[in-house]
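Asks:
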Amino acid sequence: MSTAPYDLAGLPGRPCTIAAALELVGERWSLLVVREVSLGNHRFSDIARGTGAPRDRLTARLNALVAAGVLERRQYSQAPPRSGYHLTESGRDLLPVLQALLQWGDRWAAEEPPVHLQHAPEGHEEHRVDAEWVCRTCGEPVNRSRVERVLTPAGRALAGVPEDQRHEH
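The opening residue of the sequence shown carries number 24 in this note's numbering; numbering runs sequentially from there.
1) Flag this pair as yes or no: are the beta carbons of residue 158 and residue 165 separated by less than 8 Å?
2) What span of residues does the alpha helix (DSSP H) with residue 51 cover, start to end?
3) Determine whether the beta carbon atoms of residue 55 and residue 29 lie at a separation below 8 Å.
4) Over the uninterrupted beta strand (DSSP E) stretch that includes residue 146, give me the two end residues.
5) For the alpha helix (DSSP H) holding residue 178, just list the boundary residues, first then last.
6) Pair every Cβ in the segment 57–76 with every Cβ in the segment 137–144, then say whether three or more of these pairs are closer than 8 Å.
7) With a threshold of 16 other CB atoms inside 10 Å of the CB of residue 84, please say whether the residue is buried or exposed.
8) Please classify residue 45: is it buried, with 16 or more other beta-carbons within 10 angstroms of its beta-carbon, or exposed?
9) Please state the DSSP three-state secondary structure of residue 25.
10) For the beta strand (DSSP E) holding residue 185, just list the boundary residues, first then last.
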């Protein structure tokens with residue numbers, strides 16, 4: 024279950040999907056909940072322990088993430104009735120965001136990182152995983168000097184930009 028797309032025109036400042044995403048998942052407890060569920064902690068008590076969130080805040084965040092379609096509830100007990108939380112496709116799409124935050128935090132927010140992400144495929148040695156921009160079409164690493172913002176028709180309409188102007192200034 025997913026909510027309707029966010030109303031970009033209702034956001035203050037530049038209409039942008041980054042702002043809309045932050046409205047939905049930009050609060051600290053939201054991303055920590057996604058982290059815990061991705062680590063296999065599906066029960067409220069395990070999520071509370073892993074995040075350190077106050078119970079009332081955690082309840083509010085879980086409800087908001089379910090309403091936003093990031094998490095889904097799955098019943099695991101009928102007597103008493105209990106449900107666990109699981110990532111939806113939308114929630115799984117947040118995992119690279121968490122990976123990028125982990126990498127940034129390792130570099131800028133911690134003296135010594137407490138964990139590293141390892142890739143251990145069959146057939147070759149395990150190695151550390153890094154968040155990196157890679158073009159999905161050609162596989163080339165991308166850096167910010169080779170990326171430009173191109174307004175879509177929706178972006179032009181929101182910004183009041185003429186139809187023939189594609190690039191944002």
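Cβ coordinates follow ideal geometry from the N, Cα and C atoms, glycine included.
Replies: Short version:
1) Yes, Cβ-Cβ distance for residue 158 and residue 165 is below 8 Å.
2) Counting along the chain, the alpha helix (DSSP H) containing residue 51 begins and ends at 51–61.
3) No, the pair does not count as a contact, with Cβ atoms beyond the cut-off.
4) Counting along the chain, residue 146 sits inside no beta strand (DSSP E), nor does DSSP assign it H or E at all.
5) Looking at the DSSP string, the run of the alpha helix (DSSP H) that includes residue 178 is 176–182.
6) When C-beta atoms of the segment 57–76 are compared with those of the segment 137–144, fewer than three pairs fall below 8 Å, so the two segments do not count as touching.
7) So residue 84 ends up on the buried side.
8) By the C-beta density criterion, residue 45 is exposed, having fewer than 16 other C-beta atoms within 10 angstroms.
9) At residue 25 the pLDDT is 48, less than 50, meaning the model places this residue with poor confidence; the figure from the coordinates comes in the next sentence. Here residue 25 sits in coil by DSSP.
10) Segment: none, residue 185 is in no beta strand (DSSP E) and carries neither H nor E.
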